Every structure is written in structure tokens, then in C-alpha cells.
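S.K.: Sharing a structure with you now.
Protein chains: 2
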Amino acid sequence: MKSYCFANNQIISAQKAVLHPMDIGLIRGYGIFDFFRTSNYVPLFLSDYLDRFIRSAAKTRLPLKLSKEELAAVILELIKKNNLKFGGIRMLLTGGVSENHFSPVEGSLFIFCEDLDFPSHEKYEKGVKLLSVEHVRAIADIKTTNYTLPVWHSGDWKSKGAEDVIYHHEELISESSRSNIFMIKNGEIATPDSHILHGITRKRVLEISGKVNVRPIKFEEILAADELFMTSTTKKILPITQIDNFKIGSGKPGSETKLLIEKFKEMEAKSSG
Amino acid sequence: MKSYCFANNQIISAQKAVLHPMDIGLIRGYGIFDFFRTSNYVPLFLSDYLDRFIRSAAKTRLPLKLSKEELAAVILELIKKNNLKFGGIRMLLTGGVSENHFSPVEGSLFIFCEDLDFPSHEKYEKGVKLLSVEHVRAIADIKTTNYTLPVWHSGDWKSKGAEDVIYHHEELISESSRSNIFMIKNGEIATPDSHILHGITRKRVLEISGKVNVRPIKFEEILAADELFMTSTTKKILPITQIDNFKIGSGKPGSETKLLIEKFKEMEAKSSG
Numbered sequence: 000m001k002s003y004c005f006a007n008n009q010i011i012s013a014q015k016a017v018l019h020p021m022d023i024g025l026i027r028g029y030g031i032f033d034f035f036r037t038s039n040y041v042p043l044f045l046s047d048y049l050d051r052f053i054r055s056a057a058k059t060r061l062p063l064k065l066s067k068e069e070l071a072a073v074i075l076e077l078i079k080k081n082n083l084k085f086g087g088i089r090m091l092l093t094g095g096v097s098e099n100h101f102s103p104v105e106g107s108l109f110i111f112c113e114d115l116d117f118p119s120h121e122k123y124e125k126g127v128k129l130l131s132v133e134h135v136r137a138i139a140d141i142k143t144t145n146y147t148l149p150v151w152h153s154g155d156w157k158s159k160g161a162e163d164v165i166y167h168h169e170e171l172i173s174e175s176s177r178s179n180i181f182m183i184k185n186g187e188i189a190t191p192d193s194h195i196l197h198g199i200t201r202k203r204v205l206e207i208s209g210k211v212n213v214r215p216i217k218f219e220e221i222l223a224a225d226e227l228f229m230t231s232t233t234k235k236i237l238p239i240t241q242i243d244n245f246k247i248g249s250g251k252p253g254s255e256t257k258l259l260i261e262k263f264k265e266m267e268a269k270s271s272g
Numbered sequence: 000m001k002s003y004c005f006a007n008n009q010i011i012s013a014q015k016a017v018l019h020p021m022d023i024g025l026i027r028g029y030g031i032f033d034f035f036r037t038s039n040y041v042p043l044f045l046s047d048y049l050d051r052f053i054r055s056a057a058k059t060r061l062p063l064k065l066s067k068e069e070l071a072a073v074i075l076e077l078i079k080k081n082n083l084k085f086g087g088i089r090m091l092l093t094g095g096v097s098e099n100h101f102s103p104v105e106g107s108l109f110i111f112c113e114d115l116d117f118p119s120h121e122k123y124e125k126g127v128k129l130l131s132v133e134h135v136r137a138i139a140d141i142k143t144t145n146y147t148l149p150v151w152h153s154g155d156w157k158s159k160g161a162e163d164v165i166y167h168h169e170e171l172i173s174e175s176s177r178s179n180i181f182m183i184k185n186g187e188i189a190t191p192d193s194h195i196l197h198g199i200t201r202k203r204v205l206e207i208s209g210k211v212n213v214r215p216i217k218f219e220e221i222l223a224a225d226e227l228f229m230t231s232t233t234k235k236i237l238p239i240t241q242i243d244n245f246k247i248g249s250g251k252p253g254s255e256t257k258l259l260i261e262k263f264k265e266m267e268a269k270s271s272g
């Protein structure tokens, strides 16, 4: 956590930010957030992230007092004050302290800056393992703070050599706990569209690959894929080479995935000037 | 919210309780709680609630620093300081401020006292309506703070004349958002056992009725039930007379349900001295 944050409508010391514990953001897990990063001081794809945050607030009926322009101005000031050359920025909006302890009221807006924890170089070289979990996220397309299930699961990931989970339900896959999934088979690149959060990195991959089929994908399909990868703000494009005990493709990151990783790097370099 | 709470390992003014917003209780919705009430200054069925809270902490791997006896002592002191003759008590345990913003660490324990909001007399006289929702709660048997979905839904309840929801999945019902469900048909009393939180009021009803079949219940079964009711700490035993647009039984609270309401009153009177 970096020194300065936005809380209570002003920039203050991040250590001094407080929330009342009776806020339904805590007692009912009712809040939204978004998370993006700076690259050479530039907040990457900021407009997309702000649009999504504003949409999440509207869909959850949480009043957001700052406009897109005002949010952007606060963020630029925080980047400056925190000297955030390469870091993460987390916006949070809570459900508020509600009289009936359930219904959303006017909550609190926070913006924190953080150090980033990218996957190791080795993970990009070897690919990662995901554990399959029979589950489908409720209201997955809104970026709520609801991660109870994956946090609960995550205690097992390390011991099982896994990076994260992959959700599937009624034969179809949806997403990982904080990433989208792409599959490559016989030259086709595909990604699911239902029960997912529409990731900004996913959106960028759709743009740079230019030929993705957005369609339902069966769990058994991904086990037989040539290449598999996950996308997220901090993972960027990360190859997946194992699901449970099944090796994906050759068991090594594939050439198409590597090409997309390169293209994404170029796009990021251009976007951050 | 009553004047005094337990926070930061001491009894303080409830207004002054604070949580750092980067706690994963907020940013990942990872926390547990429990909620019970006092009846004539006696914390009803306290031992059961404390056991469940301690079990929730263990199952979510959240370190709870106070023993059952220590928690009970704090609660009795809070009841005294807040003059809580008839009120609610909420225990909260958060996932903590985690370095990777995901994995649980040592969190914060809070205990708040609240005014109670019982359903109106009219609701017991007429019964209430529930809306059916195709959903099954993940890790329903742990009392986590994960209520994102029902809070999100609840915006619609009032306009649809509904008290709450009833979850069903693959033809079977599980529970309401914060209550258990019981069905009566041809003299049989039944309640489901899977994908539910094991309510303390449910436990009491199992004791006082003495003849409940704990078994899977199909959604279509409850539509054809003679009587239906829900149980929770604040609702006690509340008759359900409508699911969506289907009238249940005669459309009025049934005689068996009324008998159980009376028996529960007697049990509460005995327990609170």
C-alpha cells in the first residue's frame, strides 16, 4: 500500500483511511471495485476501467459522487503524489452503513495505490496449472468484491502447485477467479462470453488477435486444446499448461500464445508512451 | 447501532469503531459473522451461536483470539452497558489487511449491539411471499458475510410484494437468503439439509416438533405443500403463503405452523427466564 490514498473525498495518508465496520461492504459483502496499473506513470487503458467501475456502481445501485473526469483527476494526482511509475490502483465503493443492515445506501469511495505483484518469469516460461471447480459465479459481469469462494479455496492452491482455479458448470467453462480464459485449437482462438467478467485485458486480446471466436466452450474442449492462456490486469497473458492432472497441448506455452504476449507488450509500450 | 461495541480488543464507543478499507473483509468479501438476540437481557441460545461462530472461523481459517468463555464474557458486559433488554448482537471477524490483497491473515474482531427489526404482526397473521431464484449458495454451511446476490436482488422485493427469496437448483430447494425453510404436507414436516446454513432457530424447531424429516425437497413439492414457513433469529417462525404467483395451501398460515409458533414462544420464555 502506497503512502497516499483518496478517502472521505480527499487525498490523505493511506494508513489513516477508515471504514465503519457496520458498512454493508463488510457485513454483507456488498461493494464494487476496479483495479488497473500504471506503466511508466501512465494509467493503462484508464478510460475502459473507469467506464466499467461506473457501470458496476450503476448496476449495483451504489451512488458514485464523482464523474469519470473527476475520478481521472484524482487518479492522476495520486500517481504523482505516490510516484507510481509501475503500480496498481484500486478503486472501491461500499454499500454504506445501512439502517436495516442490508439495503444499500450512500457508501464510501476509496482509491488506493499499491505495489504490483506480477507472476514470476518462470511462470511465463513454463505455464501454470489451474484447478477445476464446479461453480458458476452469480452476477459475474459486475465487478463486485465477492471473492469469498476463491479466497476460501486458495489455501489449497499452493500445496497442489496451482496458480488459481477454472470454473465450469453444466459442461461449460466460464473464467478463472480473477482472469479470463482463452483457448487455441487448430488455429481457432476462442473465449467464452457467458457468466464472466468482461476483462479489459480480454478486450485488448480480442483487439490484437483480430480473429477470436466468442462462443460457449466445453470443459472437455479445453483439455484437448493446443494452447490455453489466461488474461488479467496483473497476469497480462499467462500460458496455462495444466488443468488438474491433465497436460494441455505439448505441456509448454505455445507459439500462438507467445506471439500474443509480444503483441500485447507492443500495445502496452505504445499506450504508455 | 447501540452506544458500545467491542473493537480492537476493548469495549469502546460504537461510533468510533474503525476498519482499514484494505482489509480483505471488504476488498474480497472474506469475513464471517454471527447474529443472535437477547430476550429480557438473556442472550438466547448463546452457546449454539458461539459454537457456530467458532466453527465458521476455523472453517475459513481465520484466527479467533478469544475463547468461547471470553466471547461470552464480553457479550454479557455489552448487554449490560447497552441496557440491551431486547436487541440483536452481531459478531464479526474479518480476513485482515493482507499483503497480497487476497490471502487471509490475522483480522479484526467486532461485536456490535443493535435494535431489532422483527417482521410486523400482519406478516405473522397473513404469511409472506417469497420469490424463487435459481441459485445455490457456495459454502452455504459457513456463516460468511457473502450476501452480494440477495442484497442485489432485494431492490426488487418490495415492488413485487415479497419478503425475501427462496433458492432452488436442479429441482431442489435449499433456503431463503437468511432463513431456513420448512414444509408441511399430509402431516409430515420436512426441511432440507444440503446447501444450507444450519440455523439455530431451525435446530430449535427440530427439537420442539420432534418429528421432522430432514431430506431433499423438490421445488414442485413446496408449491403443493399444505403449509410452509421460514425460520431465523429475527423471523423466529414466519408463515409463507405465496411463492411467486403460487398460493401455498389455503393461502393462510396453517394450524401446524401456528402450533409451532406457540411452542417456540414457550421455549423462548423458558430460556430467557
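Chains as they are written, first to last, in numbering that gives the first Met the number 0: chain A, 0 to 272; chain B, 0 to 272. Glycine included, C-beta positions come from ideal geometry on N, C-alpha and C. Just so it is clear, the structure is predicted and the values come from calculations on it, not from any experiment.
Examine chain B for any beta-carbon lying closer than 7 Å to the beta-carbon of residue 3 (chain A), and answer yes or no.
M.R.: Taking the first residue of the first sequence as position 1, residue 3 (chain A) is located at position 4. Taking Cβ atoms only, chain B never reaches closer than 7 Å to residue 3 (chain A), which makes this a no.
S.K.: Count the other CB atoms, across all protein chains shown, that sit within 10 Å of the CB of residue 127 (chain B); report buried if there are 16 or more and exposed otherwise.
M.R.: On the second sequence, residue 127 (chain B) is found 128 positions in, with the first residue counted as 1. So residue 127 (chain B) ends up on the buried side.
S.K.: What span of residues does the alpha helix (DSSP H) with residue 235 (chain A) cover, start to end?
M.R.: Looking up residue 235 (chain A) in the first sequence gives position 236. That residue, residue 235 (chain A), is in no alpha helix (DSSP H); its beta strand (DSSP E) goes 235 to 242.
S.K.: In the structure shown, what three-state DSSP assignment does residue 227 (chain B) receive?
M.R.: Here residue 227 (chain B) is taken as the residue at index 228 of the second sequence, counted from 1. Here residue 227 (chain B) sits in strand by DSSP.
S.K.: Less than 7 Å between CB atoms is the rule here; does residue 52 (chain A) satisfy it with respect to chain B?
M.R.: Start at 1 with the first residue of the first sequence, and residue 52 (chain A) comes out as number 53. Chain B contact via Cβ: absent.
S.K.: What does residue 275 (chain B) touch in chain A if you count any residue whose Cβ is under 7 Å from its own?
M.R.: Look at the range of chain B in this structure, 0 to 272, and you will see that residue 275 (chain B) is not part of it.
S.K.: Assuming residue 113 (chain A) is part of the beta strand (DSSP E), what are its boundary residues?
M.R.: Sequence index remark: in the first sequence, residue 113 (chain A) carries index 114 (1-based). Note, residue 113 (chain A): beta strand (DSSP E), 108 to 113.
S.K.: Residue range of the beta strand (DSSP E) that residue 30 (chain B) falls in?
M.R.: Taking the first residue of the second sequence as 1, we reach residue 30 (chain B) at position 31. Counting along the chain, the beta strand (DSSP E) containing residue 30 (chain B) begins and ends at 30 to 38.
S.K.: Please check the pair residue 141 (chain B) and residue 58 (chain B), which I expect to be a contact at CB under 8 Å, by giving their CB distance rounded to whole angstroms.
M.R.: The sequence position of residue 141 (chain B) within the second sequence is 142, counting from 1. The sequence position of residue 58 (chain B) within the second sequence is 59, counting from 1. Yes, they are in contact, since the Cβ atoms of residue 141 (chain B) and residue 58 (chain B) sit about 5 Å apart, within 8 Å.
S.K.: Give every residue of the same chain whose Cβ lies closer than 7 Å to the Cβ of residue 221 (chain A), excluding the five residues on either side of it in the sequence, and list them in chain order.
M.R.: In the first sequence, the residue the question calls residue 221 (chain A) occupies position 222. Result list for residue 221 (chain A): 172, 182, 227, 242, in chain order.
S.K.: Assign residue 162 (chain A) to one of two classes, buried (16 or more other C-beta atoms within 10 Å of its C-beta) or exposed (fewer than that).
M.R.: Here the question's residue 162 (chain A) lines up with position 163 in the first sequence. Flag for residue 162 (chain A) reads buried.
S.K.: When you compare only the Cα positions, how much space is there between residue 266 (chain B) and residue 5 (chain B)?
M.R.: Within the second sequence, residue 266 (chain B) is the residue found at index 267, counting from 1. Within the second sequence, residue 5 (chain B) is the residue found at index 6, counting from 1. The alpha-carbon atoms of residue 266 (chain B) and residue 5 (chain B) are separated by roughly 29 Å.
S.K.: Could you give the uninterrupted runs of the alpha helix (DSSP H) lying entirely in the stretch 1 to 73 of chain A, keeping only those of 4 residues or more?
M.R.: Correct list: 23 to 26, 45 to 58.
S.K.: Taking residue 135 (chain B) and residue 194 (chain B) to be in contact with their CB atoms under 8 Å, please state how far apart those CB atoms are, rounded to whole angstroms.
M.R.: In the second sequence, counting from the first residue as 1, residue 135 (chain B) sits at position 136. In the second sequence, counting from the first residue as 1, residue 194 (chain B) sits at position 195. The Cβ separation is near 5 Å, so the contact holds.
S.K.: With distances taken Cα to Cα, identify the nearest neighbour of residue 30 (chain A) among A:237, A:138, A:255.
M.R.: Along the first sequence, read from residue 1 onward, the residue named residue 30 (chain A) stands at position 31. Cα-wise, what sits closest to residue 30 (chain A) is A:138.
S.K.: Which residues in the same chain as residue 23 (chain A) place their Cβ atom closer than 6 Å to its Cβ, once the five residues preceding and following it in sequence are excluded?
M.R.: Taking the first residue of the first sequence as position 1, residue 23 (chain A) is located at position 24. For residue 23 (chain A), where only same-chain residues beyond five positions count, the Cβ hits under 6 Å are 29, 94, 97.
S.K.: Does the CB of residue 274 (chain B) have a neighbour CB from chain A at under 7 Å?
M.R.: In this structure chain B extends from 0 to 272, so residue 274 (chain B) is not present and cannot be described.
S.K.: If we define contact as Cβ-Cβ less than 7 Å, is residue 109 (chain A) a contact residue for chain B?
M.R.: Reading the first sequence from its first residue, position 110 is the one you call residue 109 (chain A). True, the Cβ-Cβ gap to chain B drops below 7 Å.
S.K.: So residue 163 (chain B) is in the beta strand (DSSP E); what residue range does that whole segment cover?
M.R.: For the purposes of this step, residue 163 (chain B) is taken as the residue at position 164 of the second sequence. Unbroken beta strand (DSSP E) run through residue 163 (chain B): 163 to 168.
S.K.: What does the Cβ neighbour count give for residue 155 (chain B), buried or exposed, with the cut at 16 atoms within 10 Å?
M.R.: Within the second sequence, numbered from 1, the residue matching residue 155 (chain B) stands at position 156. So residue 155 (chain B) ends up on the exposed side.
S.K.: Check whether the Cβ of residue 143 (chain A) lies closer than 7 Å to any Cβ atom in chain B.
M.R.: On the first sequence, residue 143 (chain A) is found 144 positions in, with the first residue counted as 1. With 7 Å as the cut-off, residue 143 (chain A) counts as an interface residue toward chain B.
S.K.: Given that residue 99 (chain A) touches chain B, what residues does it touch there, using C-beta distances under 8 Å?
M.R.: If you number the first sequence from 1, residue 99 (chain A) lands on position 100. The answer, in chain order, is 116.
S.K.: Rounded to whole angstroms, what's the CA-CA distance from residue 39 (chain A) to residue 117 (chain A)? Just pull it up for me.
M.R.: The residue labelled residue 39 (chain A) in the question sits at position 40 within the first sequence. The residue labelled residue 117 (chain A) in the question sits at position 118 within the first sequence. C-alpha separation (whole angstroms): 15 Å.
S.K.: Is there at least one Cβ from chain B nearer than 7 Å to residue 137 (chain A)'s Cβ?
M.R.: One-based indexing of the first sequence puts residue 137 (chain A) at position 138. Yes, contact with chain B.
S.K.: What are the start and end residues of each continuous alpha helix (DSSP H) run of 4 or more residues lying completely inside the stretch 171 to 235 of chain B, in chain order?
M.R.: For the stretch 171 to 235 of chain B, whole alpha helix (DSSP H) runs of length 4 or above, ordered along the chain, are 199 to 208, 218 to 222.
S.K.: How would you list, in chain order, the residues of chain B whose beta-carbon sits under 7 Å from the beta-carbon of residue 154 (chain A)?
M.R.: Sequence index remark: in the first sequence, residue 154 (chain A) carries index 155 (1-based). Near residue 154 (chain A) (Cβ distances below 7 Å), the residues of chain B are 60.
S.K.: Report the residues of the stretch 16 to 42 of chain B with a CB closer than 8 Å to any CB of chain A, ordered along the chain.
M.R.: Listed by position along the chain: 16, 17, 18, 19, 20, 21, 22, 23, 24, 25, 26, 27, 28, 29, 30, 32.
S.K.: Out of curiosity, what's the CA-to-CA distance linking residue 33 (chain B) and residue 187 (chain A)?
M.R.: Position 34 of the second sequence holds residue 33 (chain B). Position 188 of the first sequence holds residue 187 (chain A). Looking at the two C-alpha atoms, the distance is approximately 50 Å.
S.K.: Identify which residue in B:149, B:169, B:213, B:160 has its Cα closest to the Cα of residue 177 (chain B).
M.R.: Numbered from its first residue, the second sequence carries residue 177 (chain B) at position 178. Of B:149, B:169, B:213, B:160, the residue nearest in Cα terms is B:149.
S.K.: By the DSSP assignment, the alpha helix (DSSP H) with residue 256 (chain A) in it spans what residues?
M.R.: Residue mapping note: residue 256 (chain A) aligns to position 257 of the first sequence, counting from 1. From DSSP, the alpha helix (DSSP H) with residue 256 (chain A) extends over 254 to 270.
S.K.: I'd like the span of the beta strand (DSSP E) that includes residue 132 (chain A), first residue to last.
M.R.: Taking the first sequence and counting its residues from 1, the one referred to as residue 132 (chain A) is at position 133. Its beta strand (DSSP E) spans residues 127 to 133.
S.K.: Take residue 2 (chain B) and list the residues in its own chain whose beta-carbon comes closer than 7 Å to its own, dropping the five residues that flank it on each side.
M.R.: As a first step, residue 2 (chain B) is located in the second sequence; it is residue number 3 there, counting from the start. 12, 13, 81, listed in sequence order.
S.K.: Are there 16 or more other CB atoms within 10 angstroms of the CB of residue 27 (chain A), so buried, or fewer, so exposed?
M.R.: In the first sequence, residue 27 (chain A) corresponds to position 28, counting from 1. Buried: at least 16 other Cβ atoms inside 10 Å.
S.K.: Quickly, what does DSSP pair residue 117 (chain A) with across the bridge? List them, please.
M.R.: Position 118 of the first sequence holds residue 117 (chain A). Bridge partners of residue 117 (chain A): none, in fact.
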